[in-house]
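> Supplied in structure tokens, the structure appears directly below.
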Amino acid sequence: MKPASPTPFLPTSGLHLLPPRGRPRRLKRFIVWLAAPLAGLSILALGARLVAPIVLINESRSLPPGLYLRQPGQTLSLGAVVAAEPPPEVRRYLSSLGVDADIALLKRVAALPGQPACAHGRQVLTPLRPVFTPALDQLAPPPWRECRLLTPDEVFLLGDSDLSYDSRYFGPVKRSRLRGVYRRVLTW
59 MKPASPTPFL PTSGLHLLPP RGRPRRLKRF IVWLAAPLAG LSILALGARL VAPIVLINES
119 RSLPPGLYLR QPGQTLSLGA VVAAEPPPEV RRYLSSLGVD ADIALLKRVA ALPGQPACAH
179 GRQVLTPLRP VFTPALDQLA PPPWRECRLL TPDEVFLLGD SDLSYDSRYF GPVKRSRLRG
239 VYRRVLTW
């Protein structure tokens, strides 16, 4: 009879070929604990794209640069600051300038549904204030050239700066594109 060969050395820690009895349950629990927060973050990220953000940072010259806080339940009024999703043609123009296509435009409501907005030459008259329309670059769409009452689903938006890219160029905005009323809380 041959002597038994010595048993090879088996490590007691490190990689195990066959996990101990309780390990699959712990692994499942670990995967659930890892997957649940990731799924939650994914849902929140999707929701953030569907719901207006609570805080916006304005870096444009349309309104004073700073932090703007959404005012839930605030009714739309003349002079209110709103965040608006740009219409498709505006989005194309802005992306040609290198601006993120998903950006919200922060503008002031210059005319509400049923109120007039009139372009006369290079001036636009609204209930909020008259504004001058400066010439933009050659790539910009032509300025809006109408004079009419806004329909029940439209608003006319203006920035505070004469150089703001706003309804003077792209016309009234559908109310469905508005993402909320905002209030300035901090400027720099």
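This note's numbering applies: residue 59 is where the sequence shown begins, and numbers increase by one. Even glycine gets a Cβ: it sits at the ideal position worked out from N, Cα and C.
#1: Anyone know if the C-beta pair for ALA169 and ALA177 falls short of 9 Å?
#2: How far does the beta strand (DSSP E) with ILE122 in it reach, from first residue to last?
#3: Out of curiosity, what's the CA-to-CA distance linking LEU114 and ARG84?
#4: Out of curiosity, what's the CA-to-CA distance linking SER234 and PRO146?
#5: Going by beta-carbon coordinates alone, are GLY217 and ARG128 separated by less than 9 Å?
#6: Decide if ARG87 is buried, meaning its Cβ has at least 16 other Cβ atoms within 10 Å, or exposed.
#7: Looking at VAL167: is its Cβ nearer than 9 Å to the Cβ of VAL140?
#8: Residues bridged to TYR240 by DSSP?
#9: Is it a yes or a no for the region 122-138 touching the region 147-154, going by three-plus beta-carbon pairs under 8 Å?
#10: Only counting the same chain, and skipping five residues up and downstream in sequence, which positions put a Cβ closer than 7 Å to that of PHE214?
#11: Looking only at C-alpha atoms, which of ALA193, LYS232 and ILE161 sits nearest to SER118?
#12: Is the beta carbon of PRO201 less than 9 Å from the beta carbon of TYR227?
#13: Going along the chain, which residues of its own chain have a beta-carbon closer than 7 Å to the beta-carbon of ALA198, five neighbours each way excluded?
#14: Would you check if the distance between the CB atom of LEU244 and the CB atom of LEU134 is smaller than 9 Å?
#15: Excluding sequence positions up to five away, which residues of its chain have a Cβ less than 6 Å from the Cβ of SER222?
#16: Check this for me: beta carbons of ARG149 and ALA142, under 9 Å apart or not?
#17: According to the neighbour-count rule (16 or more other Cβ atoms, all chains shown, within 10 Å of its Cβ), is LEU92 buried or exposed?
#18: Using C-beta distances below 7 Å, list every residue in its chain close to TRP246, excluding the 5 sequence neighbours before and after it, in chain order.
#19: On a CA-only basis, which of ASP195, ALA138 and GLY179 is nearest ARG203? Give me that one, please.
Here's the rundown:
#1: Taking the C-beta atoms as reference points, ALA177 is found no nearer than 9 Å to ALA169.
#2: Per the sequence presented here, residue 122 reads as Pro, with Ile not at that position. Counting along the chain, PRO122 falls outside any beta strand (DSSP E), and DSSP gives it neither H nor E.
#3: Whole-angstrom Cα-Cα distance: 42 Å.
#4: Spanning the two alpha carbons is a distance of roughly 14 Å.
#5: Cβ atoms of GLY217 and ARG128: not closer than 9 Å.
#6: With fewer than 16 other beta carbons inside 10 angstroms of its own, ARG87 counts as exposed.
#7: The answer is yes: Cβ separation under 9 Å.
#8: TYR240 pairs with ARG128 and VAL139.
#9: No, they do not touch.
#10: ALA168, ALA169, ALA175, THR184, LEU208, SER225 and PRO230.
#11: Ranking ALA193, LYS232 and ILE161 by CA distance to the CA of SER118 puts ILE161 first.
#12: Yes.
#13: Its chain contains TYR151 and TYR227 as the residues whose beta carbon lies nearer than 7 Å to that of ALA198, once the 5 sequence neighbours on both sides are disregarded; these appear in chain order.
#14: Between LEU244 and LEU134, the C-beta gap is not smaller than 9 Å, which leaves the two residues out of contact.
#15: SER120, listed in sequence order.
#16: It is not a contact, given that the beta carbons lie outside the stated cut-off.
#17: By the neighbour-count criterion, in which 16 or more other beta carbons inside 10 Å mark a residue as buried, LEU92 falls on the exposed side.
#18: Scanning its chain for C-beta atoms nearer than 7 Å, with the 5 sequence neighbours on each side dropped, one finds around TRP246 the residues PRO123 and GLY124, in chain order.
#19: In terms of Cα proximity to ARG203, the closest of ASP195, ALA138 and GLY179 is GLY179.
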